[in-house]
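Visitor: In our numbering, the protein residues as written are 38 to 301. Every residue gets a Cβ at the ideal spot worked out from N, C-alpha and C, and that includes glycine.
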Amino acid sequence: VTYRVTAANGSYQDYRVTIITSVGPARGDVAYLKSNNTFYTNLPEAVTDSSGTAANPDTIVLCANIDVTSAISIGGTKHVKLIAGGAARAINRGASGFDNLITVDSDASLELGGDLPLIIDGKKGVPYTATAALIIVHGTFKMSSDAVTLTNNKNNSTGSTGSGVHVAADGVFTMSGGSIIGNEASNYGGGVVVNSSSQFTMSGGSITGNTASRGGSSLYKVGGTAKYGGAWGTRDILQGMYTDERLPYPNSRNPSPAPVPAEL
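1) Are the CB atoms of Gly260 and Ser233 within a distance shorter than 8 Å?
2) Distance check for Ile103 and Ser133, CA to CA, integer angstroms please.
3) Excluding the five sequence neighbours on either side, which residues of its own chain have a C-beta within less than 6 Å of the C-beta of Thr90, listed in chain order?
4) If you follow the alpha helix (DSSP H) that Val321 is in, where does it begin and where does it stop?
5) Let me make sure I understand the geometry here. Which of Ala169, Ala125, Thr245 and Arg130 has the alpha-carbon closest to that of Thr198?
6) What does DSSP give as the partner residue(s) for Ser216 in the beta ladder?
7) Excluding the 5 residues preceding and the 5 following Asn93 in the sequence, name in chain order all residues of the same chain whose CB lies nearer than 7 Å to its CB.
8) Where does the unbroken alpha helix (DSSP H) through Leu80 begin, and where does it stop?
9) Check whether the Cβ atoms of Lys118 and Gly159 lie closer than 8 Å to each other.
10) Using three-state DSSP, classify Asn74 as helix, strand or coil.
11) Can you list, in chain order, the residues of its chain whose CB lies under 6 Å from that of Arg53, leaving out five sequence neighbours each side?
12) At 4 residues or longer, and completely inside the segment 106 to 180: list those alpha helix (DSSP H) runs for me, N to C.
13) So is Asp51 buried or exposed if we call it buried at 16+ other beta carbons inside 10 Å?
14) Quick one: is Leu301 buried, meaning 16 or more other Cβ sit within 10 Å of its Cβ, or exposed?
15) In terms of alpha-carbon separation, which member of Glu82, Ser72 and Ser48 lies closest to Gly112?
16) Give me, in chain order, the residues of the same chain whose beta-carbon lies closer than 6 Å to that of Lys179; leave out the 5 immediate sequence neighbours on both sides.
17) Compare the C-alpha of Cys100 against each of Ser87, Leu70, Ile109 and Ser88 and name the closest.
18) Under 8 Å by Cβ, that's how I've got Asn193 and Thr166 pegged, so tell me the actual separation to the nearest angstrom.
Here it is, written out as C-alpha cells:
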C-alpha cells in the first residue's frame, strides 16, 4: 500500500508499506510444507500436497512429535525432505503389530536431514514390537545429516527384513550422516538389510549397537550392491553377513580405521 504524507507547505512524500505476517503452527498442527506455506494436522496430507522433484525435493518441517499406528507412505511420484523444526522432533511407533513406520515407494524419494535432531523411534521399550524395519525402501532414501537417528525398533519377524532400514529390491539407500542404533532383529540385519538388486552406499554416519539373532548385526547383504567409503576410498561388501558393530563410522566426524569386508 502506498501512503502520501503532505506537509503544511504543500510538499509531499510517498511511502510504500508492505506488511509481512509470520504465522506459526496452530494447536494440533504437526507438519509445515514449505512450497505452499501451509500447516497440516497430519504428515501424510503434507506429503500428498507436496510437489517436489527427485532433484529438488519438497521440504516438510515436522513441528511436533507424532505417534504412528500405521505406515506413512511416501507414494506415487512424491519427493520430500523431512526436517525437524523448532526443537528436536520424533516419529514414534504408537502400536505393536504393524510393519514399517515409513514406506518409500518405487518412484518416490525421501531424505531425512536438517540441523535439529530428528528421531525415528520404534519404542521397543514401551514395549512395542514390529514385523518389519523402521523404513522400507523401494525407491530412493537418503540420510544426509548427523542430526538424524533411527533407533529402538524390535522386529520379531523371522524374515530377512531387518530392523533399521530394509532396502528392498531395486531400492537405493545413501547414507552420508546420522546414526542407526539400538535396533533388534529376530533374524538377520539389525541395522540394515540390502536385498537383491538394491543399492546401499555409506560415506558417513554410524551403524552401531544393533543386534540380530542370526547374524549381520550392523548389515546383512542378501544381494544387490553395498559400498562404504569416504576416508579410505570405496570398498565393496561382497556377500553374506557383515557383523561388525561399527560399520563403518562410529563417529562420522572422527572415523575409525576401515573394517575389513567379510567374504562368506
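Guide: Considering the structure as presented:
1) Position 196 of the sequence shown, counted from the start, is the residue given in the question as residue 233. Position 223 of the sequence shown, counted from the start, is the residue given in the question as residue 260. Contact flag set, yes.
2) As a position in the sequence shown, residue 133 is number 96, starting the count at 1. As a position in the sequence shown, residue 103 is number 66, starting the count at 1. Answer to the nearest angstrom: the Cα atoms are 15 Å apart.
3) Locating residue 90 in the sequence shown gives position 53, counting from the first residue. Excluding residues within five positions, the ones whose Cβ falls inside 6 Å are His116.
4) Given a span of 38 to 301 for the chain in the structure shown, any question on residue 321 remains unanswerable.
5) Taking the sequence shown and counting its residues from 1, the one referred to as residue 198 is at position 161. With distances taken between Cα atoms, Thr198 lies closest to Ala169.
6) The residue labelled residue 216 in the question sits at position 179 within the sequence shown. Note: Ser216 sits in a beta bridge opposite Thr186 and Ser243.
7) By one-based count along the sequence shown, residue 93 stands at place 56. In its chain, beyond the 5 residues on either side, no residue has a beta carbon closer than 7 Å to the beta carbon of Asn93.
8) Within the sequence shown, residue 80 is the residue found at index 43, counting from 1. Unbroken alpha helix (DSSP H) run through Leu80: Leu80 to Asp86.
9) Position 81 of the sequence shown, counted from the start, is the residue given in the question as residue 118. Position 122 of the sequence shown, counted from the start, is the residue given in the question as residue 159. Not in contact: Lys118 and Gly159 (Cβ atoms no closer than 8 Å).
10) Working through the sequence shown from its first residue, we reach residue 74 at position 37. Note: Asn74 maps to coil in three-state DSSP.
11) For the purposes of this step, residue 53 is taken as the residue at position 16 of the sequence shown. Within the same chain, Arg53 has close Cβ partners Thr39.
12) none
13) Residue 51 sits at position 14 when you count from the first residue of the sequence shown. Asp51 is classed as exposed because its beta carbon has fewer than 16 other beta carbons within 10 Å across all chains shown.
14) Translated into positions along the sequence shown, residue 301 becomes position 264. Residue confidence is low: Leu301 scores 29 on pLDDT, short of 50, so the model does not pin down where it sits. Its coordinate-derived value is still stated next. With fewer than 16 other Cβ atoms within 10 Å, it is exposed.
15) Position 75 of the sequence shown holds residue 112. The residue with the shortest Cα to Cα distance from Gly112 is Glu82.
16) For this step, residue 179 is matched to residue 142 along the sequence shown. Here the set comprises Glu148 and Thr211.
17) Looking up residue 100 in the sequence shown gives position 63. Checking every option, the nearest Cα to that of Cys100 belongs to Leu70.
18) Within the sequence shown, residue 193 is the residue found at index 156, counting from 1. Within the sequence shown, residue 166 is the residue found at index 129, counting from 1. Between Thr166 and Asn193 the Cβ distance is about 5 Å, and since that is below 8 Å, they are a contact.
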